[in-house]
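1 is the number of the first residue of the sequence shown in my numbering; add one for each residue after it.
Have a look at the structure below, then the notes.
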Amino acid sequence: MDPQVLRSLSYGMYIVSAARNGILNGQVANSVFQVCSQPPVVAACINRQNLTHEFIEASGAFSVSVLEQDTPLSFIGRFGFRSGRDLDKFEGVEHRMGSTGAPVVVEHAVGYLETRVVDRLEVGTHTIFVGRLVDGAPLTDRPPMTYAYYHHVKGGKSPKTAPTYLPEREHP
Numbered sequence: 001m002d003p004q005v006l007r008s009l010s011y012g013m014y015i016v017s018a019a020r021n022g023i024l025n026g027q028v029a030n031s032v033f034q035v036c037s038q039p040p041v042v043a044a045c046i047n048r049q050n051l052t053h054e055f056i057e058a059s060g061a062f063s064v065s066v067l068e069q070d071t072p073l074s075f076i077g078r079f080g081f082r083s084g085r086d087l088d089k090f091e092g093v094e095h096r097m098g099s100t101g102a103p104v105v106v107e108h109a110v111g112y113l114e115t116r117v118v119d120r121l122e123v124g125t126h127t128i129f130v131g132r133l134v135d136g137a138p139l140t141d142r143p144p145m146t147y148a149y150y151h152h153v154k155g156g157k158s159p160k161t162a163p164t165y166l167p168e169r170e171h172p
């Protein structure tokens with residue numbers, strides 16, 4: 001089997017956020033998907049080593065901000081390649097507090113979802129958190145960023161904690 005075939009699956013680019021004891025944290029995620037429409041439910045796949053995972057577990061809520069196609073790599077890097085254990089990712093970032101207490105990133109977002117966790121599934125290194133929508137809205141009509149666009153146009157990489165991480169191939 002060649003795991004590179006997994007790169008042909010389609011994903012978006014999101015910031016999944018949560019709060020615990022008044023501290024905010026969020027991370028870039030690409031494995032967010034709608035589970036059903038009645039009631040509206042989404043799922044987010046989060047590495048158990050990530051601080052965001054701890055915050056979602058503690059709070060029972062998370063938000064998802066859908067990133068716009070033109071989001072700068074530096075913004076993605078802030079949420080995707082830095083740990084909230086080392087810096088306040090929300091300092092200087094436009095956001096608001098949601099009704100669940102989860103922060104909602106509005107900077108570079110085309111829309112947001114806010115959820116309460118209703119179920120979870122442990123899968124290898126990750127947890128799939130299933131959340132029922134309690135709020136959400138489009139913010140702009142700009143195109144959302146796809147994971148393919150992030151890789152092929154922007155030249156973005158995946159951190160080792162991403163569910164879609166594959167080592168880069170050696171090219172002869």
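Ideal Cβ placement from N, Cα and C applies to all residues, glycine included.
Here the structure is a predicted model, which means the values were calculated and not measured.
query                                                                                                              : result
Sequence ranges, beta strand (DSSP E) only - wholly within the region 46-93, length at least 3                     : 61-67
Length of the line joining the Cα atoms of residue 10 and residue 42                                               : 16 Å
Exposure label - residue 100; buried when at least 16 CB within 10 Å                                               : buried
Straight-line gap, residue 70 to residue 121 (C-alpha atoms, nearest Å)                                            : 33 Å
Residue 78 classed as buried or exposed, judged by whether at least 16 other C-beta atoms fall within 10 angstroms : buried
CB-CB length for residue 55 against residue 20, believed under 8 Å                                                 : 4 Å
Local Cβ density within 10 Å of residue 123, reported as buried at 16 or more and exposed below that               : exposed
Residue 13, buried or exposed, once every other Cβ within 10 Å from all chains shown has been counted against 16   : buried
Sub-8 Å separation of residue 113 and residue 92 beta-carbons                                                      : no
Cα-Cα separation between residue 38 and residue 132, rounded to whole angstroms                                    : 10 Å
Cβ distance (whole Å) where residue 103 is taken to contact residue 63 below 8 Å                                   : 7 Å
Buried/exposed call for residue 45, threshold 16 Cβ in 10 Å                                                        : buried
Residue nearest to residue 115 in terms of C-alpha spacing, selected from 74, 29, 130 and 89                       : 130
Contacting residues, own chain, Cβ-Cβ under 6 Å from residue 25 (five flanking each side not counted)              : 51, 52, 55 and 84
Continuous beta strand (DSSP E) stretch holding residue 95: start and end                                          : 95-97
For residue 28 and residue 80, the rounded distance between their alpha carbons                                    : 5 Å
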